[in-house]
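Here the protein sequences come in this chain order: A and B. Under my numbering, the very last position in the first sequence is 407; numbers go up by exactly one each time. Under my numbering, the very last position in the second sequence is 814; numbers go up by exactly one each time. Glycine included, every Cβ here is placed at the ideal spot set by N, Cα and C.
There are 2 protein chains.
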Amino acid sequence: MSTAETCSAARLAQPTLATLTAARKNAWLHRLANTLSELTPAIIEANSLDVAAASASSAATRDRLTLTAARLEALGRGLREIAALPDPIGEVENQVLRPNGLRIGRMRIPLGVVAMIFESRPNIVVDAAALCLKSGNAVILKGGKEAAHTNAALVGAVHAALRAEGLPVGLVGHLERREDVDELLRQTQTVDLVIPRGGEGLIRYVTENSRIPVVQHFKGNCHCYVDAGADLDMAENIVVNGKTQRPGVCNALETLLVHEQEAAALLPRLARALQGVELRGCERTAEHIKVVPATEDDWHTEYLDLILAIRVVPSFEAALDHIRRYGSNHTEAIVTRDYARANAFVREVGSSCVAVNASTRFNDGGELGLGAEIGISTSKLHAYGPMGLRELTTQKWVIYGEGQVRA
Amino acid sequence: MSTAETCSAARLAQPTLATLTAARKNAWLHRLANTLSELTPAIIEANSLDVAAASASSAATRDRLTLTAARLEALGRGLREIAALPDPIGEVENQVLRPNGLRIGRMRIPLGVVAMIFESRPNIVVDAAALCLKSGNAVILKGGKEAAHTNAALVGAVHAALRAEGLPVGLVGHLERREDVDELLRQTQTVDLVIPRGGEGLIRYVTENSRIPVVQHFKGNCHCYVDAGADLDMAENIVVNGKTQRPGVCNALETLLVHEQEAAALLPRLARALQGVELRGCERTAEHIKVVPATEDDWHTEYLDLILAIRVVPSFEAALDHIRRYGSNHTEAIVTRDYARANAFVREVGSSCVAVNASTRFNDGGELGLGAEIGISTSKLHAYGPMGLRELTTQKWVIYGEGQVRA
Chain A
1 MSTAETCSAA RLAQPTLATL TAARKNAWLH RLANTLSELT PAIIEANSLD
51 VAAASASSAA TRDRLTLTAA RLEALGRGLR EIAALPDPIG EVENQVLRPN
101 GLRIGRMRIP LGVVAMIFES RPNIVVDAAA LCLKSGNAVI LKGGKEAAHT
151 NAALVGAVHA ALRAEGLPVG LVGHLERRED VDELLRQTQT VDLVIPRGGE
201 GLIRYVTENS RIPVVQHFKG NCHCYVDAGA DLDMAENIVV NGKTQRPGVC
251 NALETLLVHE QEAAALLPRL ARALQGVELR GCERTAEHIK VVPATEDDWH
301 TEYLDLILAI RVVPSFEAAL DHIRRYGSNH TEAIVTRDYA RANAFVREVG
351 SSCVAVNAST RFNDGGELGL GAEIGISTSK LHAYGPMGLR ELTTQKWVIY
401 GEGQVRA
Chain B
408 MSTAETCSAA RLAQPTLATL TAARKNAWLH RLANTLSELT PAIIEANSLD
458 VAAASASSAA TRDRLTLTAA RLEALGRGLR EIAALPDPIG EVENQVLRPN
508 GLRIGRMRIP LGVVAMIFES RPNIVVDAAA LCLKSGNAVI LKGGKEAAHT
558 NAALVGAVHA ALRAEGLPVG LVGHLERRED VDELLRQTQT VDLVIPRGGE
608 GLIRYVTENS RIPVVQHFKG NCHCYVDAGA DLDMAENIVV NGKTQRPGVC
658 NALETLLVHE QEAAALLPRL ARALQGVELR GCERTAEHIK VVPATEDDWH
708 TEYLDLILAI RVVPSFEAAL DHIRRYGSNH TEAIVTRDYA RANAFVREVG
758 SSCVAVNAST RFNDGGELGL GAEIGISTSK LHAYGPMGLR ELTTQKWVIY
808 GEGQVRA
């Protein structure tokens with residue numbers, strides 16, 4: 001099938017799904033979990049081809065690519081968790097009785113057809129199919145060629161589970177060639193939303209070339225500001241957690257801003273607590289601890305690694321200025337005891353998640369109570385922050401009347 | 408100033424507005440109402456130049472262009488109504504206490520900088536500036552050259568009111584040249600959202616050329632389906648209201664679908680009630696009343712005029728099929744006494760507004776309880792249906808902790 005045909009098939013299949021009961025969608029999710037378990041040997045064999053072809057890549061890249069029996073089991077558990085989440089479709093919000101007797105509300109409906117364009121992590125095949133279909137959307141998947149065998153095996157499992165549940169396989173379209181991307185980005189009649197996930201290059205390419213609305217899941221250059229008078233035990237915990245608990249993810253901490261009043265007390269203990277982390281500091285940081293001198297580039301960089309940029313700032317306002325200039329609208333935290341500055345930070349920092357006295361690592365669908373997420377949006381339109389099932393839907397207006405007309 | 412400079416000035420001015428109290432924003436709205444009233448003679452003089460230049464245009468076009476003292480007074484009343492609406496900014500929804508003690512909620516924030524690209528109606532200058540600024544957004548206005556003098560006079564009033572309230576005039580940017588549009592559509596660093604309002608050509612051009620997210624306010628090819636067994640008095644009222652109460656607007660009725668069982672009883676009385684309306688019917692319609700034969704084009708057309716397309720359908724499903732094929736996702740209504748078909752219509756029609764036993768004319772911000780609207784979105788992303796103050800905002804996540812870190 002051509003790209004246009006794959007998208008048309010998804011568009012045609014989607015209305016059936018839009019009104020399917022949650023019970024049937026959940027049955028498919030459980031079936032898929034079982035199918036993954038049954039097909040584990042075949043999937044791991046396909047995956048071994050991709051991993052072998054990536055022998056020249058970094059250990060981190062190969063790790064992202066690799067599926068093991070344990071990882072497939074975790075994917076299956078994730079599917080059962082998505083099945084357990086409430087179905088957002090059909091829910092009516094804010095139903096009111098208008099003065100003219102009309103009952104008016106907003107009903108949650110699927111977006112329609114969602115296209116995911118992603119790199120490396122093949123688990124996205126399963127996660128995206130599960131979240132899109134549970135929220136009533138058909139999905140078009142375009143993964144990277146580095147995971148081609150694994151992606152094909154996982155799509156095979158997804159299709160097998162659809163067939164077994166009597167659902168059209170066209171609900172999950174699969175594109176495999178690089179040139180399909182350009183064609184896909186022009187399918188304005190059949191695709192409602194494009195979500196790119198991967199490196200900066202991929203996201204820029206999709207944003208610049210898509211005729212379809214794009215929700216960007218862009219970089220997380222996350223900041224933590226330690227205020228004058230902050231609890232330094234708390235600050236140390238939050239910084240260490242943000243930087244080291246899982247450095248390769250988008251909500252990991254990248255730049256620490258320290259009020260000058262706390263620099264002498266905080267920086268030496270942090271340097272001890274962050275052993276194994278490369279510290280890149282401004283000149284004033286270097287007065288207190290041994291650091292690699294930070295350059296302008298460091299303030300812009302999402303390391304996704306055990307590297308932390310540190311800047312000593314003269315004031316709360318200087319911290320806000322730094323965040324406005326270098327932040328990526330992802331996640332920023334403040335550690336403070338001051339009521340007014342806590343409130344000002346929450347009000348004035350425009351990122352998708354703003355935390356007071358908590359780790360940046362909490363900007364995550366599971367931690368924020370959404371359940372599984374398809375990614376974290378740094379686009380302000382439609383969804384800002386983690387995108388779970390609800391963020392893959394929209395609302396239409398519903399009016400129940402008894403013959404009312406406009407005067 | 409260049410287009411890029413105008414957009415940068417708006418971006419720089421917007422953060423002040425984002426945290427401004429509702430009281431100060433409302434003071435500006437009242438001031439603007441007074442300013443319009445004071446400047447009425449000058450605005451009408453500017454307007455007369457545009458109206459004179461449009462002498463070759465249709466009466467409808469000249470009417471859309473014309474401002475009178477009464478219309479300026481109505482604009483002023485609209486401003487005071489917007490001042491009276493609740494301010495959505497800062498509102499926190501769904502705040503919950505998580506098991507780990509974190510308090511988590513979603514705080515409503517402005518989108519940032521909104522660009523309005525519009526044609527003919529100069530009142531959009533005032534409405535858009537009011538709605539955008541009340542919702543904390545800066546706005547860039549690009550009107551059509553047919554209203555150039557009027558737009559400039561109205562922007563002058565808006566700027567005068569900003570100055571009088573000590574607010575930066577950069578909050579409302581004004582672009583006047585055709586070539587500014589292309590430049591504007593590339594300002595991804597400073598503009599968050601583009602809203603085109605006007606003819607199909609303008610909307611297509613903006614959608615195809617924008618690198619910035621676009622919310623389309625596209626055409627309303629609205630349908631009413633009269634079901635078998637419907638109350639025919641009610642059907643007549645709803646059809647007459649939908650078609651004739653204000654035929655030039657996007658929620659006016661364009662195509663009537665009649666179940667074959669009601670055709671003989673309903674069509675002749677409708678033909679009498681719709682005197683002065685040109686009826687274009689299918690062959691089966693022509694068996695009952697005198698009509699212009701409808702062509703395939705008629706099913707696609709948004710007349711915005713006293714013309715109604717009529718089709719007799721053999722079943723409820725045939726009506727749904729017609730709507731799926733020709734509908735524009737704007738507004739559709741059903742007139743029925745049947746519980747199951749009322750529910751099925753609401754569930755299966757995906758338009759931004761679906762009405763049971765009510766006129767299509769109710770798809771309107773005021774009628775749906777939003778207050779003033781900036782337009783009616785037929786895009787599913789971000790806002791679907793009327794866009795009021797809330798639909799010009801987004802939400803960020805706010806986390807209040809006491810030192811929590813992720814395990």
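Residues of the region 639-668 of chain B that bring their beta carbon within less than 7 Å of a beta carbon in chain A comprise MET641, ASN644, ILE645, ASN648, GLN652, in sequence order. For GLN594 (chain B), no CB of chain A lies under 8 Å from its own CB, so it is not counted at the interface with that chain. Going by beta carbons, LEU175 (chain A) and VAL206 (chain A) fall outside the 8 Å limit. Under the DSSP assignment, GLY497 (chain B) falls outside any beta strand (DSSP E); it carries neither an H nor an E label. Judged by DSSP in its simplified three-state form, ASN454 (chain B) adopts helix. Spanning the alpha carbons of THR785 (chain B) and TRP28 (chain A) requires a straight line of approximately 32 Å. Residue pairing from DSSP places VAL172 (chain A) in a beta bridge opposite A:VAL139. Distance check between ASN558 (chain B) and each of B:VAL533, B:GLY577, B:PRO700, B:CYS414 places B:VAL533 closest, using alpha-carbon atoms only. Between the alpha carbons of VAL258 (chain A) and THR393 (chain A) lies a distance of about 40 Å. Residues of chain A with a Cβ closer than 7 Å to the Cβ of CYS689 (chain B) do not exist; the shortest Cβ-Cβ separation is about 25 Å. Cβ neighbours of ARG418 (chain B) within its own chain (closer than 6 Å, five residues either side excluded): VAL520, THR597. With fewer than 16 other Cβ atoms inside 10 Å of its own Cβ, VAL503 (chain B) counts as exposed.
If you draw a straight line from the Cα of PRO293 (chain A) to the Cα of ALA430 (chain B), it comes to about 47 Å. Cβ atoms of LEU674 (chain B) and ILE645 (chain B) stay farther apart than 8 Å, at about 15 Å. Judged by beta-carbon spacing, THR442 (chain B) lies within the 8 Å limit of ALA567 (chain B), meaning their Cβ atoms are closer than that value. In terms of beta-carbon proximity, SER758 (chain B) lines the interface with chain A, with at least one pair separated by less than 8 Å. Of all residues in the region 572-604 of chain B, only ASP599, LEU600 place a beta-carbon less than 7 Å from a beta-carbon of chain A. Taken atom to atom, the span from the alpha-carbon of THR360 (chain A) to that of ALA252 (chain A) is near 6 Å. Residue burial annotation: MET523 (chain B) is buried, with at least 16 other C-beta atoms found within 10 angstroms of its C-beta. For the 8 Å CB-CB criterion, ASN221 (chain A) and GLY371 (chain A) do not form a contact.
Excluding its 5 nearest sequence neighbours in each direction, LEU446 (chain B) has C-beta neighbours in its own chain below 8 Å: ALA560, GLY563, ALA564, ALA567, listed in chain order. Cα atoms of THR426 (chain B) and ALA461 (chain B): separation of roughly 42 Å, rounded to the nearest angstrom. ASN343 (chain A): member of the alpha helix (DSSP H) spanning 339-348, first to last residue. Looking at the backbone, the Cα of GLU590 (chain B) and that of ASN616 (chain B) are separated by about 10 Å. Between the region 490-501 of chain B and the region 795-814 of chain B, the count of Cβ pairs shorter than 8 Å is three or higher; the stretches touch.
Just measuring C-alpha positions, the residue of B:GLU526, B:SER542, B:ASN454 sitting nearest THR423 (chain B) is B:SER542. Where HIS556 (chain B) is concerned, there is no enclosing beta strand (DSSP E), although the alpha helix (DSSP H) around it starts and stops at 555-571.
The criterion of a C-beta distance shorter than 8 Å is not satisfied by HIS624 (chain B) and GLY772 (chain B). At a cut-off of 8 Å between beta carbons, TYR791 (chain B) contacts chain A. Contact residues of the region 771-786 of chain B toward chain A are ASP771, GLU774, LEU775, GLY776, SER786 (C-beta to C-beta distance below 9 Å). Contact of ASN454 (chain B) with chain A is not assigned, every C-beta pair being separated by 8 Å or more. Between the alpha carbons of GLY276 (chain A) and THR244 (chain A) lies a distance of about 10 Å.
Contact between ASP634 (chain B) and ILE741 (chain B) holds: CB atoms are separated by about 6 Å, below the 8 Å threshold. The straight-line gap separating the alpha-carbon atoms of LEU639 (chain B) and ARG106 (chain A) is approximately 28 Å. ILE203 (chain A) has a beta carbon lying at 8 Å or more from every beta carbon in chain B. Between the alpha carbons of VAL313 (chain A) and ALA319 (chain A) lies a gap of roughly 6 Å.
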